[in-house]
Amino acid sequence: MPESVSSNARPPMRQPLRWLWLAVAVIVLDLATKAIASSQLGYLQPVEVLPFFNFTLMHNTGAAFSFLASHPGWQRWFFAVIAIGASVGLTIWLSRVRADEKLLAISLPLIIGGALGNLYDRLVHGYVVDFLSFHVAGWYYPAFNVADIGITLGAIGLIWESVMGDRRRKKAHSTK
């Protein structure tokens, strides 16, 4: 990468940790919706919202797509350590974001909030509460929650920034 486009030539974002409010918003929305789902829905009893979408209360002791859910319980602590480590690492990364990386500054807190929302469930309940269930023609996508939406949107933002960010910076630099 040419020196003029390198990360050292770009100014740091002023107060990048201010974006952590997004993590707090994801956590609050996630925990609130999980509390409502847990109090209003019967376990594994779907409530049809649309022909392809149900509210269905489920408990996931594994990770995405119930990965490792059938194991005897060690995965609870394994995923807790991953969530804590990822949140710390992503917060450090956020603190180093450059002024022209706004999408990155939004994406990282979304992932942090999702990780911490699900971490709360793992530590308090021993499982993650899922309740959003999409299905088509008898095929069901694994149930998920608001924390998972935050993680997914954040990951999409990271991918987009990794693919398009350098292009955008090169283009902006070439027009100067």
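Numbering (our numbering), first residue to last: 208 to 383.
Built from N, CA and C at the ideal position, the CB exists for glycine as well.
Item	Value
Looking only at C-alpha atoms, which of Ala232, Leu330, Ala350 and Val304 sits nearest to Gly372?	Val304
CA-CA distance, Val256 and Ala216?	51 Å
Just the C-alpha distance for Gly357 and Lys241, rounded to the nearest angstrom, thanks.	14 Å
Near Pro219, what residues of its chain come up, given a Cβ to Cβ distance below 8 Å and the 5 sequence neighbours on each side ignored?	Arg303, Val304, Arg305 and Ala306
Span of the beta strand (DSSP E) holding Leu224?	That residue, Leu224, is in no beta strand (DSSP E); it is neither H nor E in DSSP.
Compute the distance between the beta-carbons of Gly321 and Thr359, then report whether it is under 9 Å.	yes
Considering only residues of the same chain and omitting the five flanking positions on each side of Asp337, which have a CB-CB separation below 6 Å?	Met265, Asn267, Ala350, Phe351 and Asn352
According to DSSP, is Asp307 part of a helix, a strand, or is it coil?	coil
Please decide whether Gly345 counts as near chain E, where near means a Cβ-Cβ distance under 9 Å.	Absence of chain E from the displayed structure is noted, only one protein chain being present.
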